[in-house]
Structure formats: C-alpha cells, structure tokens
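Chemist: Structure below; questions to follow.
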Amino acid sequence: MAPEEERLAAELRKLNAEAAKLEAEARKLAPETMKLEAEAKKLDAEARRQRHGTVTDDAKLVLAAFAAGIGTLKVAEGLGWL
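If you want it as structure tokens, here you go:
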C-alpha cells in the first residue's frame, strides 16, 4: 500500500472510531432526549390551554360588562332618566 493510501486508511479508521463513540453517546442520551421532548410537548400544550383560557375568560368579562351596561341603561330608561 502506498504511503498516501496508508495515511488515508488510518484517517478513515480514526474517523470510524470517532463515529462509533458519537453513536454510543447518542444512544446513551436518547432516553433523556425523549423525556425532555415529551416534557416540552406537555408544557407547550399547557401554555396553549392557558392562552386559550385567558382569552375565553377575558371574553366572558367583556360580555358580562356589556350585559351589565345594557342592564344599567334599561333601568335608567325605565326610571325615566334617559
């Protein structure tokens, strides 16, 4: 084998060994990664629920205030104040 081929073969073995180490590390981290992804999905869903709930609650308050305003106008009208 020529010196250049030997150097390239050694480089390839070195890279393959590094790839094997990285793959082993990835397999080791996979369960933790899946746990973190599941937790992120839960937090995202909860944030969406809270945003939706806040909008709904705000809408209820606005409608209640509007209804109270209409009720006040009806009472004032009934009393002849308007």
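Positions 74 to 155 (this note's numbering) are the ones given, in order, by the sequence shown. Idealized CB from N, CA, C, for every residue including glycine. What you are looking at is a predicted structure, and each value in this text was computed from that prediction instead of being measured.
Quick check: what's the CA-CA separation for L34 versus T145?
Modeler: Residue 34 is absent from the structure shown; the chain starts at 74 and stops at 155.
Chemist: By the three-class DSSP mapping on this structure, what secondary structure does A75 have?
Modeler: Residue state, collapsed to three classes: coil.
Chemist: For G153, does the three-state DSSP call read helix, strand or coil?
Modeler: Correct three-state label for G153: coil.
Chemist: To the nearest angstrom, how far is the alpha carbon of A90 from that of E78?
Modeler: So the two alpha carbons sit approximately 18 Å from each other.
Chemist: Can you list, in chain order, the residues of its chain whose CB lies under 7 Å from that of G151, leaving out five sequence neighbours each side?
Modeler: No residues qualify anywhere along the chain.
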